[in-house]
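Numbering (the working numbering), first residue to last: 28 to 150. Only one structure is covered here, and it is reproduced in the block below.
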Amino acid sequence: MLNDTDMRKFIVVIWIIAFILLWGGFYLLLPEKALIREIDKMEKSIVKEDWDSAQKQLDDFKKTYYDKKILIQSNNATEAFINFNNNLGQLDYCIRNKEPSALEYLGALKFSLDYSVKGFSGP
């Protein structure tokens, strides 16, 4: 049978393996790169004031985001998730009303991706 020292080592190894598997799962399943591509396309459309194209790209972004929303929500802190949703809503409103301030919310959304969509993101 295992003594106390062996059991502790066994538990440590199991925790390390579980962490690696969880991190790998988040890394593979979270749509970070797809969301960044959509944001870059949206930014170009907004700068050109091509609002129809920006709306289409926003719809694609929201579809990708909502398809993985449960996974994203389980990965990060509540505050980061709330800020991300708030910026997304403001961006949607600005694009629908063809407001140039959409770039401001797009920038906030772009920088909040690090806290919202990366696996085990920082505080």
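Yeah, the Cβ is synthetic: ideal placement off N, Cα and C, and Gly gets one too.
CA-to-CA, the gap between Ile63 and Ile44 works out to about 30 angstroms. The shortest CA-to-CA distance from Met69 to any of Pro58, Lys60, Gln82 is the one to Gln82.
Around the beta-carbon of Phe147, fewer than 16 other beta-carbon atoms lie within 10 Å, marking it exposed. In this chain, the alpha helix (DSSP H) harbouring Asp79 covers 78-94.
For Ile73, the number of other beta carbons within 10 angstroms of its own is at least 16, and it is reported as buried. For Asn103, no alpha helix (DSSP H) encloses it, and the DSSP letter there is neither H nor E. In its chain, beyond the 5 residues on either side, Lys95, Leu98 have a beta carbon closer than 8 angstroms to the beta carbon of Leu56. Around the beta-carbon of Tyr132, 16 or more other beta-carbon atoms lie within 10 Å, marking it buried.
Gly146 carries a coil assignment under DSSP once its states are collapsed to helix, strand and coil.
Distance from the CA atom of Val40 to the CA atom of Thr32, rounded to whole angstroms, is 13 angstroms. Ile38 has its alpha-carbon roughly 37 angstroms from the corresponding atom of Asn110.
Around the beta-carbon of Glu76, fewer than 16 other beta-carbon atoms lie within 10 Å, marking it exposed.
Pairing Glu59 with Asn30, the inter-Cα distance amounts to about 44 angstroms.
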